[in-house]
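Reviewing the structure listed below.
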Amino acid sequence: MSNSHQDHALKPPTRLHFALSFAGILGSFLIFLLILLLAYLPYRPEPVDTQQVEERKTKLADYRAGVAKEVNSYGWVNQSKGVVRIPVEESMKLTVEKYHQAERVVPAK
């Protein structure tokens, strides 16, 4: 009986076991990388040429100029309802003044 127990004892790992384990892990990583590469390649975007870059820069500059003009100028938002647009700097000044006035008018309890 005791002999059968000793037959099932763990044997120390050999170089072959280590080599097979290493090859299996390395192979798994390589297969994973291959799958990623095959999944990415068909969806690679086309390179952007310099003309497209310049057009995009021009459109962005025009957009930013338009936004800056709206943010820093007066204008009507809805004339029939009497809603106007004022510059941001002016709006901040009016807001600060409004809060200072509200602090002065706070009723005592």
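Position 57 of the sequence shown, counted from 1, bears residue number 171 in the numbering used here, the numbering being contiguous throughout.
Built from N, CA and C at the ideal position, the CB exists for glycine as well.
Since we're looking at a predicted model, the values are computed, not measured.
So what's residue i in DSSP terms, helix, strand or just coil?
i: glycine 189; result: strand
i: arginine 218; result: helix
i: arginine 158; result: coil
On a CA-only basis, which of the options is nearest residue i? Give me that one, please.
i: valine 197; options: Gly180, Val162, Gly189; result: Gly189
Give me the Cα-Cα distance between residue i and residue j, rounded to the nearest whole angstrom.
i: lysine 173; j: arginine 199; result: 24 Å
i: alanine 133; j: glutamate 168; result: 55 Å
i: alanine 175; j: isoleucine 139; result: 52 Å
i: valine 181; j: glutamine 193; result: 20 Å
i: glutamate 160; j: alanine 179; result: 30 Å
i: threonine 164; j: arginine 158; result: 19 Å
i: histidine 214; j: serine 187; result: 25 Å
i: alanine 137; j: leucine 151; result: 21 Å
i: leucine 208; j: valine 162; result: 47 Å
i: alanine 216; j: glutamine 166; result: 53 Å
i: tyrosine 154; j: leucine 148; result: 10 Å
i: phenylalanine 143; j: leucine 130; result: 20 Å
i: glutamate 204; j: tyrosine 177; result: 23 Å
Under 8 Å by Cβ, that's how I've got residue i and residue j pegged, so tell me the actual separation to the nearest angstrom.
i: valine 191; j: valine 202; result: Between valine 202 and valine 191 the Cβ distance is about 14 Å, and since that is not below 8 Å, they are no contact.
Would you say residue i touches the ligand SAH, meaning its beta carbon is less than 7 Å from a heavy atom?
i: histidine 214; result: With respect to the ligand SAH, the structure offers nothing, as it holds no ligand at all.
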